[in-house]
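What follows is one structure encoded as structure tokens, with my remarks underneath.
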Amino acid sequence: GSRRSRLEASIYQNIGSRSSLSLTLSQQDYWQSSVTQRQYQLNLSTHYKDVGLNLFTSKSLNETRGSDRQIGFSATLPLDFGHRATATFDTQKNGDHFSQRATLSGSTDQNRLNYQASLSRDDDHQQSGALSLGYQAAFGSVGAGLTQGNDYRSVSLNASGALLLHADGLETGPYLGETSALVEVPGIAGVGVVNAIGVRTNDRGYALAPYLQPYRQNQVTLQTDQLGPEVEIDNGTAQVVPTRGAVVKTTFSARTVARLAITARTVTGQPLPFGAQLSNSDGAVVGFVGQAGQTLLSTGNEPQVLDVSWGEQAEPRCRLTIDPRDMDQSQGYLMQELTCR
Numbered sequence: 025g026s027r028r029s030r031l032e033a034s035i036y037q038n039i040g041s042r043s044s045l046s047l048t049l050s051q052q053d054y055w056q057s058s059v060t061q062r063q064y065q066l067n068l069s070t071h072y073k074d075v076g077l078n079l080f081t082s083k084s085l086n087e088t089r090g091s092d093r094q095i096g097f098s099a100t101l102p103l104d105f106g107h108r109a110t111a112t113f114d115t116q117k118n119g120d121h122f123s124q125r126a127t128l129s130g131s132t133d134q135n136r137l138n139y140q141a142s143l144s145r146d147d148d149h150q151q152s153g154a155l156s157l158g159y160q161a162a163f164g165s166v167g168a169g170l171t172q173g174n175d176y177r178s179v180s181l182n183a184s185g186a187l188l189l190h191a192d193g194l195e196t197g198p199y200l201g202e203t204s205a206l207v208e209v210p211g212i213a214g215v216g217v218v219n220a221i222g223v224r225t226n227d228r229g230y231a232l233a234p235y236l237q238p239y240r241q242n243q244v245t246l247q248t249d250q251l252g253p254e255v256e257i258d259n260g261t262a263q264v265v266p267t268r269g270a271v272v273k274t275t276f277s278a279r280t281v282a283r284l285a286i287t288a289r290t291v292t293g294q295p296l297p298f299g300a301q302l303s304n305s306d307g308a309v310v311g312f313v314g315q316a317g318q319t320l321l322s323t324g325n326e327p328q329v330l331d332v333s334w335g336e337q338a339e340p341r342c343r344l345t346i347d348p349r350d351m352d353q354s355q356g357y358l359m360q361e362l363t364c365r
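Numbering (our numbering) for the sequence shown: 25 to 365.
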């Protein structure tokens, strides 16, 4: 019958800074059965340099089938393929039966693409191999797997995702969870969310951030380090406290700007004076001239005229006509040499 109850107790102890020892005891029984199953498992883990070593032994006691003893050892080491990868080798003895397995696993593309390949054999000369690939896209997750044994082969395909209908439209995501956040970065596409693999804002600036903790303060943080210099976000972190099962909307203040690197000179060919002030048509100061007539500005993409003033004279001494659409781009900045007239 199905399981009726399970009782489990664990003891965990660190041994120095690199090792740990754990002991787990469990007991379970079943409906419409007098059978009680007990299991004892001892696990020792340690690290030597970058290699992880693990030794375990377990014993299962069953009133009808007697005892079943298992012992195993595994070693895991990191590999450098330009991305995170590990190789694991393990061997197990289950009663009088031996088996060995080698596994290569890793992820790349900011953990969105993951893979695993394994080969195994036992003392009955049974061999098998398995290969699996998975990709976490902004719209959902897709995966494929292949398993080959001595006398069998299996192929699997899987896909999953989430849909959310809200006042502004329909959003897709790789997963949702019981409690989630609808993230809005208005008009900015491709913005990732920290701790949400594969999640990025779509063309309308929306993304789904899953698995929030209900009735607790959750931090929703944008991956601002991956944004181009043309994107400005006032604050890339928001605090939310959702109720259980809620989808809380979190809107970030963001805009697309043109970042200009201008070298400005007077009509006589001299660099504009250090500290000269640049003002827009509303009289607001938008920047100052640095050394050699250079200035950095963040503006919209529309053409405009800037007044330039310096010294004690309040009136503009000359004007700069800028048009970001006509400027050459380099390292995220629009660059141009201009004459102040």
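For every residue, glycine included, the Cβ atom is placed at its ideal position computed from N, Cα and C. Computed from a prediction, not measured in an experiment: that's the story for all the values here.
Where residue i falls: helix, strand or coil (DSSP)
i      : result
PRO340 : coil
ARG108 : strand
ALA282 : strand
THR225 : coil
GLN134 : coil
ARG93  : strand
GLY311 : strand
ALA288 : strand
GLN140 : strand
ASP147 : coil
GLY269 : coil
ALA316 : helix
GLN237 : coil
GLY164 : coil
VAL75  : strand
GLY153 : strand
Limits of the beta strand (DSSP E) - the one that residue i falls within
i      : result
ILE408 : Not covered by the structure: residue 408. The range shown for the chain is 25 to 365.
ASP331 : 328-333
GLN294 : Counting along the chain, GLN294 falls outside any beta strand (DSSP E), and DSSP gives it neither H nor E.
GLU361 : 357-363
GLU256 : 255-257
ALA233 : 230-233
SER277 : Element bounds for SER277: n/a, residue is neither H nor E.
LEU375 : What is shown of the chain runs 25 to 365, which leaves residue 375 out entirely.
SER303 : 301-303
Under 8 Å between C-beta atoms of residue i and residue j
i      : j      : result
GLU254 : ALA282 : yes
LEU155 : LEU170 : yes
ASN118 : GLN151 : no
SER204 : LEU236 : yes
ALA262 : THR274 : yes
LEU362 : ILE286 : yes
LEU143 : ALA126 : yes
TYR357 : LEU284 : yes
TYR64  : LYS83  : yes
VAL218 : ALA278 : no
ALA308 : VAL332 : no
LEU68  : LEU45  : yes
PHE113 : ASP147 : no
ILE346 : LEU320 : no
ALA288 : CYS364 : yes
VAL223 : ALA233 : yes
GLY252 : GLU202 : no
VAL166 : TYR159 : yes
SER303 : GLN328 : no
LEU101 : VAL59  : no
Bridge partners - residue i, DSSP secondary structure assignment
i      : result
TYR54  : ARG27
GLN263 : GLN243
ASN67  : SER46, PHE80
ASP352 : MET359
ALA117 : Correcting the residue identity first, residue 117 is Lys in this sequence and not Ala. According to DSSP, LYS117 bridges with ILE95, PHE122.
THR345 : VAL329
GLY40  : Per DSSP, none; premise fails for GLY40.
GLY158 : ASN138, GLY167
Every unbroken beta strand (DSSP E) within the region 170-223, with a cutoff of 3 residues, ordered by chain: 177-184, 186-190, 193-197, 204-208
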